[in-house]
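**Q**
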Amino acid sequence: ELVNHVRIGSEADLVLVAPATADLLARAASGRADALLTNVLLTARCPVVFAPAMHTEMWQHAATRANVATLRSRGAIVLEPAVGRLTGPDSGPGRLPEPADIEASALAVLADPMIGEAMSAQDLA
Numbered sequence: 004e005l006v007n008h009v010r011i012g013s014e015a016d017l018v019l020v021a022p023a024t025a026d027l028l029a030r031a032a033s034g035r036a037d038a039l040l041t042n043v044l045l046t047a048r049c050p051v052v053f054a055p056a057m058h059t060e061m062w063q064h065a066a067t068r069a070n071v072a073t074l075r076s077r078g079a080i081v082l083e084p085a086v087g088r089l090t091g092p093d094s095g096p097g098r099l100p101e102p103a104d105i106e107a108s109a110l111a112v113l114a115d116p117m118i119g120e121a122m123s124a125q126d127l128a
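Per the numbering used here, the sequence shown starts with residue 4, numbered consecutively.
Listed below in structure tokens is the structure:
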């Protein structure tokens with residue numbers, strides 16, 4: 004019998020990470036397995052979708068850009084963040100996409116795996 008962190012990843016039809024913080028994207032890109040979620044990401048045999056949420060400066064930082072590129076090169080789907088009000092007075096790209104947009108992306112990937120491949124090939128804007 005599989006242990007939970009292996010079973011979850013191997014039996015899932017889709018893994019959706021929302022919100023995906025800069026820290027989580029870095030941990031996933033480096034292959035860390037220090038929590039249930041990161042263990043599931045390493046055992047997933049299905050599409051993995053990340054919905055980023057962080058301040059603009061963090062989203063645009065070279066380290067985050069590299070982490071997103073790494074994840075996409077491995078087949079993960081990293082959605083573009085929304086543009087809008089962030090925490091505090093800040094506004095810009097980095098906002099968590101609207102739940103309906105996240106849901107639509109997840110459903111599109113489930114309906115057509117080729118969409119997932121096309122989405123994962125996008126360059127970070």
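Even glycine gets a Cβ: it sits at the ideal position worked out from N, Cα and C. In this text the structure is predicted, and so the values were computed from the model without any measurement.
Does DSSP put residue 88 in a helix, in a strand, or in coil?
**A** Position 85 of the sequence shown, counting from 1, holds the residue named residue 88. Strand, per DSSP.
**Q** Who does residue 98 pair with in a DSSP beta bridge?
**A** Position 95 of the sequence shown, counted from the start, is the residue given in the question as residue 98. As a beta-bridge residue in DSSP terms, residue 98 pairs with 85.
**Q** Using the rule of at least 16 other Cβ atoms within 10 Å of the residue's Cβ for burial, across every protein chain shown, is residue 90 buried or exposed?
**A** On the sequence shown, position 87 is the one that residue 90 refers to. By the neighbour-count rule (16 or more Cβ atoms within 10 Å), residue 90 is not buried but exposed.
**Q** Using 10 angstroms around the beta-carbon of residue 18, count the other beta-carbons present and answer buried if the total reaches 16, otherwise exposed.
**A** Counted from its first residue, the sequence shown places residue 18 at position 15. With 16 or more Cβ atoms within 10 Å of its Cβ, residue 18 is classed as buried.
**Q** Counting beta carbon pairs with one atom in the segment 104-118 and one in the segment 37-56, are three or more of them shorter than 8 Å?
**A** Note that the segment 37-56 touches the segment 104-118; at least 3 beta-carbon pairs, one per stretch, sit closer than 8 Å.
**Q** With residue 82 and residue 54 assumed to form a contact (beta carbons below 8 Å), what rounded beta-carbon distance in angstroms separates them?
**A** Working through the sequence shown from its first residue, we reach residue 82 at position 79. Working through the sequence shown from its first residue, we reach residue 54 at position 51. About 5 Å separates the two Cβ atoms, so the contact holds.
**Q** Given this structure, state the Cα-to-Cα distance separating residue 25 from residue 57, to the nearest angstrom.
**A** By one-based count along the sequence shown, residue 25 stands at place 22. By one-based count along the sequence shown, residue 57 stands at place 54. Their Cα atoms are separated by approximately 7 Å.
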